[in-house]
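Q:
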Amino acid sequence: MIKKGVTLRGIEVFEALAGRGSVAHAAAMTGLSQPAVSQQISNLEAAVGAKLIDHSCRPMRLTAAGETFLRHSSLALAHVRQAQSELTVMDLVSLTDLHLGVIDDFDNDLTPRLATILADSMAGCRFRMVTDSSKRLLQAVQDKALHIAIAATDGDAKEGLIEIPLARDPFIIVAPAEIEADGADLLGGRTGLPFLRYEADQLIAGQISNQLSRHNINLTSQFEIGSHLALMAMVARGIGWTITTSFGYCRAQRF
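Here our numbering is used: the first residue of the sequence shown is -7, the next is one more, and so on.
(1) For C117, which residues from the same chain have a beta carbon less than 7 Å from its beta carbon, with the 5 sequence-adjacent residues on both sides left out?
(2) Tell me whether the stretch 233 to 242 and the stretch 161 to 169 touch, counting them as touching only if at least three CB pairs, one residue from each stretch, are closer than 8 Å.
(3) I need the straight-line Cα distance from R120 to F98, nearest angstrom please.
(4) Relative to the C-alpha of L0, which residue among L67, A20, A56 and P27 is closest?
(5) Specify the secondary structure class of T103 as computed by DSSP and reduced to three states.
(6) Counting Cβ pairs, one atom from each stretch, are 3 or more of them under 8 Å apart for the stretch 33 to 45 and the stretch 53 to 70?
(7) Taking the CB atoms as reference points, tell me whether L129 and A143 lie closer together than 8 Å.
(8) Let me make sure I understand the geometry here. Which of S34, E172 and V5 has the alpha-carbon closest to that of E20?
(9) Below 6 Å CB to CB, which residues in the same chain sit around T236 once its five sequence neighbours on both sides are set aside?
(10) With DSSP run on the structure shown, which of helix, strand or coil describes V(-2)?
(11) How would you write the range of the beta strand (DSSP E) that A141 sits in, first residue to last?
(12) For H91, which three-state DSSP category applies?
(13) For A10, does the count of other Cβ atoms within 10 angstroms reach 16, so buried, or fall short, so exposed?
(14) Under 8 Å by Cβ, that's how I've got L223 and I217 pegged, so tell me the actual separation to the nearest angstrom.
(15) In the DSSP assignment, find the alpha helix (DSSP H) that holds M21 and state where it starts and stops.
(16) One question on the structure: do G2 and L54 come within less than 8 Å of each other, judged by their Cβ atoms?
(17) Could you please give the first and the last residue of the uninterrupted alpha helix (DSSP H) stretch that includes L196?
(18) Could you tell me the boundaries of the beta strand (DSSP E) in which L130 lies?
(19) On the DSSP bridge assignment, give the partners of Y190 in chain order.
(20) Which partner residues does T234 have in the DSSP bridge list?
(21) Using a threshold of 8 Å, state whether the C-beta atoms of H139 and L69 are closer than that.
(22) Inspect the beta-carbon positions of L195 and S126 and report whether they are closer than 8 Å.
(23) Please go through the same chain and pick out, in chain order, the residues whose beta-carbon is closer than 8 Å to the beta-carbon of S65, but skip the five residues on each side of it.
(24) Measuring alpha carbon to alpha carbon, tell me which residue in I171, R189 and V(-2) is nearest R182.
(25) Helix, strand or coil: how does DSSP classify M121 here?
(26) Could you pull the start and end residues of the alpha helix (DSSP H) that P27 belongs to?
Structure (structure tokens):
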């Protein structure tokens, strides 16, 4: 029997804190206040009867007991999340028609898995899946050509659409491995290395431009590239540096 006081919420907060070592980051990831995060950890430690976090370190570190607990609790959370996903799919079984759009960034990983899961679970449904850019997918939903889309947004409310956040994908700077410069040097134009932009019509290009404008940063660029992988290849070759998202960076592991 699970001890009284051990909750899924507490384990989720513990996992977030273990991953970042910061109460502030854990609060941002879980949507709780910082005092609420600290209280969840205190309750969890009291319930399991052991100190899980070494609060004297910055960033905070797991104790030996915390390492052991994280191994098992992470598996438990993974099973719960998988169960939630499968139940969500089961809710779609009664559908007779579904037109789904998925951002083309997911073509190599998420989309094939999603397509097979939905196909297996919706035998009686007329199922159509398309991949495209976020802008075109959102427009297709507004035009009622699609029922639902998995896409990036700029955060602005769009008439007739309901947005449900699934994940956050923060911007990061990506530079050639051999360049000895920090982000401030690159953003300040002090390296002589050119800035590589996404093609202006892409949603991410506008998001990056807006973010730079908020910080009064003006970067000129000789290159404007429409292919994300081509952009990453150019950075790996030492042609320049760029700003992308953490997910985009992970997609470019081959470089």
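For glycine and all other residues, C-beta sits at the position ideal for the given N, C-alpha and C.
A: The relevant details are as follows:
(1) Contacts found: L87, T88, D89 and L90.
(2) yes
(3) So the alpha carbons of these two residues sit roughly 16 Å apart.
(4) L67
(5) helix
(6) yes
(7) yes
(8) Per the sequence presented here, residue 20 reads as Ala, with Glu not at that position. Nearest of S34, E172 and V5 to A20, Cα basis: V5.
(9) V166
(10) coil
(11) I140 to I142
(12) strand
(13) buried
(14) 4 Å
(15) V15 to T22
(16) no
(17) Note on residue identity: the sequence assigns Ile, not Leu, to residue 196. From DSSP, the alpha helix (DSSP H) with I196 extends over L195 to R206.
(18) L130 -> not in any beta strand (DSSP E); alpha helix (DSSP H) instead, spanning S126 to Q134.
(19) I217
(20) For T234, the pairing in a beta bridge is given by DSSP as V166 and L188.
(21) no
(22) yes
(23) The beta carbon of S65 sits closer than 8 Å to those of I3, F6 and E7, all from its chain and outside the five residues before and after it, given in chain order.
(24) Comparing alpha-carbon positions, the option among I171, R189 and V(-2) lying closest to R182 turns out to be I171.
(25) M121: strand per DSSP, three-state reduction.
(26) Q26 to V40
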